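Undergrad: Each residue of the sequence shown is one higher than the one before, counting from 6 in our numbering.
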Amino acid sequence: MTTDQTAGKIRVALVDDQTMIRQGLGYVIRMQSDMEVVGEAADGEEAVQMVMEMTPDVVLMDVQMPKRSGIEATSEILKRLPHVKVLILTTFDVQNYVVDGIRAGAVGYMLKDADSQEMLEMIRRAYRGEALFHTVTAAKALAEVLKQQEPATAPAGKSLELLDDLTERELDVLQQLAYGYRNDQIAQKLFITEGTVKSHVHRILQKMGVEDRTQAVAMALRHQLVK
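#1: Within its chain, find whatever has a CB closer than 7 Å to the CB of Ala-225; leave out the 5 residues flanking it on each side and keep chain order.
#2: Give the secondary structure of Glu-41 by DSSP, where H, G and I count as helix, E and B as strand, and everything else as coil.
#3: Would you call Arg-130 buried or exposed, if buried means 16 or more other Cβ atoms sit within 10 Å of its Cβ?
#4: In this structure, what does DSSP give as the bridge partners for Leu-94?
#5: Going by the DSSP bridge assignment, what does Leu-19 pair with across the sheet?
#6: From Ile-107 to Val-56, what distance separates their C-alpha atoms?
#7: Please list, in chain order, all residues of the same chain as Lys-212 whose beta carbon is under 7 Å from its beta carbon, the five residues on each side excluded.
#8: Mind checking whether Gly-134 and Asp-217 have CB atoms under 8 Å apart?
#9: Using the three-state DSSP reduction, which class does Thr-79 fall into: helix, strand or coil?
#10: What is the DSSP secondary structure of Glu-216, counted as helix, strand or coil?
#11: Do you know offhand how far Arg-16's Cα is from Tyr-132's?
#12: So what does DSSP say about Ile-26, is it helix, strand or coil?
#13: Kindly list the residues whose CB is nearer than 7 Å to the CB of Ala-157, restricted to its own chain and excluding five residues on each side of it in sequence; keep chain order.
#14: Distance, Cα to Cα, Asp-21 vs Met-70?
#15: According to DSSP, is Tyr-186 part of a helix, a strand, or is it coil?
#16: Which term fits Glu-51, buried or exposed, when burial requires 16 or more other beta carbons within 10 angstroms of its beta carbon?
#17: What residue range does the alpha helix (DSSP H) around Gln-229 cover?
#18: Quick check on Leu-165: buried or exposed, where buried means 16 or more other Cβ atoms within 10 Å of its Cβ?
#19: Looking at Ala-223: is its Cβ nearer than 8 Å to the Cβ of Gly-113?
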């Protein structure tokens, strides 16, 4: 009975040291027919243990917490469970948080005062494997990560091999994926159809040997395939 009721739902975990924040987020999420809250944690150390046990699809992760920061917890979680999607959740639109979050492997950055519908849409998009860095601060932070990326972070041969494999148009699409744009937005920017974008994304994932858009963007960052 319980299995049937929860089948297909997005499994969400909440990590924040403020009980009221967790309660508020949990209330909104539990009202959705396609989501469920599977765990909560009040600090980074507890978050790692909880995620290892509950294996959620999406984690809303606070930054500043006792014992271990959200950034440190994110890095540790994704080393063990790379398929989990982490959304950084914070009060402040601070570039350093975004930079550190991207490097830790987070797929997005969300302010605590965001509209509830925006939050729910970000959870759904994160679950689908989309990167979500849309604020002005996040865009600057992403550019900073790319600028500071050192050649030593990836084998030169692998970068050249990927560049050879991807066509010029596929690199254009990959660039737009790195900025978190949806297929329809990419189509408009590149003056191609949405169906063509989907085809390019499918081939990009195949050539890069990854399962979703987030992993493709992470690999692109590591190998300096986007600018």
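Don't be surprised by glycine CBs; every beta carbon is placed ideally from N, CA and C. Because the structure is a prediction, the values reported are computed rather than measured.
TA: Inspection of the coordinates gives the following:
#1: In the sequence shown, counting from the first residue as 1, residue 225 sits at position 220. The residues are Leu-179, Ala-183, Val-231.
#2: Looking up residue 41 in the sequence shown gives position 36. If DSSP states are grouped into helix, strand and coil, Glu-41 belongs with the strands.
#3: For this step, residue 130 is matched to residue 125 along the sequence shown. Buried, by the Cβ-count rule.
#4: As a working note, residue 94 is residue 89 in the sequence shown. Asp-67, Met-115, per the DSSP bridge assignment.
#5: Here residue 19 refers to the residue found at position 14 of the sequence shown. Glu-45, Leu-65.
#6: Position 102 of the sequence shown, counted from the first residue, corresponds to residue 107. Position 51 of the sequence shown, counted from the first residue, corresponds to residue 56. About 19 Å.
#7: Within the sequence shown, numbered from 1, the residue matching residue 212 stands at position 207. These residues qualify, in order along the chain: Asp-170, Leu-171.
#8: Reading the sequence shown from its first residue, position 129 is the one you call residue 134. Reading the sequence shown from its first residue, position 212 is the one you call residue 217. Cβ atoms of Gly-134 and Asp-217: closer than 8 Å.
#9: Numbered from 1 along the sequence shown, position 74 holds the residue referred to as residue 79. The answer is helix: DSSP assigns Thr-79 an H, G or I state.
#10: Walking along the sequence shown from the start, residue 216 turns up at place 211. Glu-216: coil per DSSP, three-state reduction.
#11: As a first step, residue 16 is located in the sequence shown; it is residue number 11 there, counting from the start. As a first step, residue 132 is located in the sequence shown; it is residue number 127 there, counting from the start. One C-alpha to the other measures close to 9 Å.
#12: Position 21 of the sequence shown, counting from 1, holds the residue named residue 26. Ile-26 falls in the helix class under three-state DSSP.
#13: As a first step, residue 157 must be located in the sequence shown, where it is residue number 152. Low confidence applies here, because Ala-157 scores a pLDDT of 39, under 50, leaving its location unreliable and the question unanswered by this model.
#14: Taking the sequence shown and counting its residues from 1, the one referred to as residue 21 is at position 16. Taking the sequence shown and counting its residues from 1, the one referred to as residue 70 is at position 65. Cα to Cα, Asp-21 sits roughly 7 Å from Met-70.
#15: By one-based count along the sequence shown, residue 186 stands at place 181. In the structure shown, Tyr-186 sits in coil (DSSP, three-state: anything other than H, G, I, E or B).
#16: The residue you call residue 51 lines up with position 46 of the sequence shown. With 16 or more Cβ atoms within 10 Å of its Cβ, Glu-51 is classed as buried.
#17: As a first step, residue 229 must be located in the sequence shown, where it is residue number 224. Taken as a continuous stretch (DSSP letters only), Gln-229 belongs to no alpha helix (DSSP H), as it is neither H nor E.
#18: Counting from one through the sequence shown, the residue named residue 165 turns up at place 160. Residue placement at Leu-165 is poorly supported in this model, since its pLDDT is 48, which falls under 50; the coordinates are not used for a value here.
#19: Here the question's residue 223 lines up with position 218 in the sequence shown. Here the question's residue 113 lines up with position 108 in the sequence shown. No; because the gap between Cβ atoms is not below 8 Å, this pair is not in contact.
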